[in-house]
Amino acid sequence: MNYLTLNNGEKMPQLGFGVYQIEPTQTADAVYEAIKTGYRLIDTAAVYGNERETGEGIQRAIDAGLVTRRELFVTSKLFILQAPFDRAQATIAHSLATMGLEYLDLYLIHQPYGDIYGAWRALVSAQKEGLVNSIGISNFKSAKMIEFVGLNQVKPQVNQIEVNPWYQRQHDQDWHQKYDVQVEAWAPFAEGRQDLFKNPVLQEIGNQYHKSVGQVVLRWLMQRGIVALAKSTKPERMAENIAIFDFELTKTDMAHIAALDLNESAFFDHDAPEQVEWFMQRMQDTESN
Ligand SMILES: NC(=O)c1ccc[n+]([C@@H]2O[C@H](COP(=O)([O-])OP(=O)(O)OC[C@H]3O[C@@H](n4cnc5c(N)ncnc54)[C@H](OP(=O)(O)O)[C@@H]3O)[C@@H](O)[C@H]2O)c1
């Protein structure tokens, strides 16, 4: 596993395992299997509804002697809140209690909406108390990230954003490098959209090294210096996705992949009114539960 050093000196595994859209009933097994396969970064979120089971999978792996807590890098995320500071503090405590953990390695503001400044003060205070080692943001566009860094004394260690062959975001990465905020890619496979796993350019590159499309995509992100989160419930794919540290893409391969960029999200734009409306509805649903 390769590790990157964040702007606070903490080390972060460059490849991680995400549990979004894994059914709670399957999550503990998936997390245990991922750790057994060699993943050390585990990414969940309060809104995924599987924090408890993620914690169970982690505990099972520790109990089995596969790994120590210190060897793992566990992330969760704060969903949008109507009354941020107190609620954010309570939500961090709730995530820790639900997962059965004494600390998290990374805690992120999940979406760029609402009183992100109030929420940030709660994250900074949790970091000072040692409840979370690193803190960050997610789904912030570069302009918003720059404003956020400019208006806060403590800057985020990480911004978790969509990056995949259809939405490569080189320009965004350049801005994040300038501000020393680590880019972490969600949906590196674009969840398979636009037939990603059958793309002939990616297939042809993979054939040269006897590697799959998934492996080529993850390797491309490693070589760009981006942290990548892959998700699979299938043990053979978990193993496939982590076997990316024994080959190297050439400049020509990288250029061929760069040419695939559509420069548009494979999912949605966080500034689109209908999308913001959807998130506001989702916030109200989670607040009333
Ligand atoms: N911050 C955010 O707003 C945000 C948003 C989305 C995701 N995330 C994080 O990023 C993680 C990854 O994103 P994602 O799960 O949305 O999408 P993804 O990793 O791009 O794609 C996952 C899909 O690809 C399939 N797959 C995985 N490896 C494969 C392989 N080697 N060959 C063929 N198919 C393969 C999986 O199917 P099987 O499971 O059937 O193998 C699954 O359907 C999430 O789990 C979550 O932790 C964060």
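Going by UniProt numbering, the first residue of the sequence shown is number 1, and it counts up by one from there. Idealized CB from N, CA, C, for every residue including glycine. Source: prediction; values computed, not measured.
**Asked** Any heavy atom of ligand 1 closer than 7 Å to the CB of GLN160?
**Response** yes
**Cβ-Cβ distance between VAL216 and LEU196 below 8 Å** = no
**Asked** At which residue ranges does the segment 115-198 contain complete alpha helix (DSSP H) runs of 4 or more residues, listed in the order of the chain?
**Response** 116-128, 142-151, 170-178
**Check: LEU123 C-beta below 7 Å from any heavy atom of ligand 1** = In this structure, LEU123 has its beta carbon at no less than 7 Å from each heavy atom of ligand 1.
**Asked** Heavy atom of ligand 1 less than 7 Å from the Cβ of VAL19, yes or no?
**Response** The answer is yes for VAL19.
**Residue environment, SER138, which counts as buried when at least 16 other CB atoms sit within 10 Å** = By the neighbour-count criterion, in which a residue is buried when 16 or more other Cβ atoms sit within 10 angstroms of its Cβ, SER138 is buried.
**Asked** Taking just the CA atoms, how far does TYR3 sit from GLY9?
**Response** 12 Å
**Message:** On the DSSP letters alone, give me the boundaries of the beta strand (DSSP E) that residue 374 sits inside.
**Reply:** Past the boundaries of the shown model lies residue 374; the chain is included only from 1 to 289, so the question cannot be answered.
**Request:** Take the Cβ of GLN153 as the centre, count every other Cβ of all protein chains shown within 10 Å, and call the residue buried at 16 or more, exposed below.
**Result:** Result: exposed.
**Asked** What residue range is occupied by the uninterrupted beta strand (DSSP E) comprising LEU104?
**Response** 104-109
**Asked** Just to check, is the beta-carbon of ARG52 closer than 7 Å to a non-hydrogen atom of ligand 1?
**Response** no
**Asked** Which residues bound the alpha helix (DSSP H) around LEU4?
**Response** Looking at the DSSP string, LEU4 is not in any alpha helix (DSSP H); the run it does join, the beta strand (DSSP E), is 3-5.
**Item:** Check: ASP115 C-beta below 7 Å from any heavy atom of ligand 1
**Value:** no
**Request:** Could you check what DSSP says for ALA34 in three-state terms: helix, strand or coil?
**Result:** helix
**Beta carbon of PHE73 nearer than 8 Å to that of HIS110** = no
**Request:** Give me whichever residues DSSP pairs with ALA64 in a beta bridge.
**Result:** None, per the DSSP bridge assignment.
**Item:** Those residues which DSSP pairs with ASP43 across a bridge
**Value:** Answer is GLY18, THR75, bridged to ASP43.
**Message:** So, for PRO156: in the same chain, excluding its five sequence neighbours on each side, which residues have a beta-carbon less than 6 Å away from its beta-carbon?
**Reply:** Cβ-Cβ distances below 6 Å link PRO156 to GLY136, ILE137, VAL181 in the same chain, with the five nearest sequence neighbours on each side left out; the list follows chain order.
**Prompt:** Taking 7 Å as the cut-off, does the CB of residue 306 come closer than this to any heavy atom belonging to ligand 1?
**Reply:** Nothing can be reported for residue 306, as the shown portion of the chain is limited to 1 through 289.
**Request:** Please report the residue range of the beta strand (DSSP E) in which ALA258 lies.
**Result:** It is not in any beta strand (DSSP E) - ALA258 instead sits in the alpha helix (DSSP H) that spans 251-258.
**Item:** Per DSSP, the bridge partner or partners of LEU229
**Value:** Answer is GLY16.
**Request:** Following the continuous alpha helix (DSSP H) through ILE80, name the residue where it begins and the one where it ends.
**Result:** Neither: ILE80 is in no alpha helix (DSSP H) and is coded neither H nor E.
**Request:** May I ask you to verify whether the segment 38-48 touches the segment 11-19, counting CB pairs closer than 8 Å and requiring at least 3?
**Result:** yes
**Asked** Would a C-beta distance cut-off of 8 Å place HIS176 and MET145 closer than the cut-off?
**Response** In terms of Cβ geometry, HIS176 and MET145 form a close pair [threshold 8 Å].
**Prompt:** Of the residues GLU56, LYS178, GLY57, GLU240, which one's Cα is nearest the Cα of HIS210?
**Reply:** Nearest of GLU56, LYS178, GLY57, GLU240 to HIS210, Cα basis: GLU240.
**Request:** Compute the Euclidean distance between the alpha carbons of ALA185 and PHE148, then round it to the nearest angstrom.
**Result:** Put simply, the backbone Cα of ALA185 is about 20 Å away from that of PHE148.
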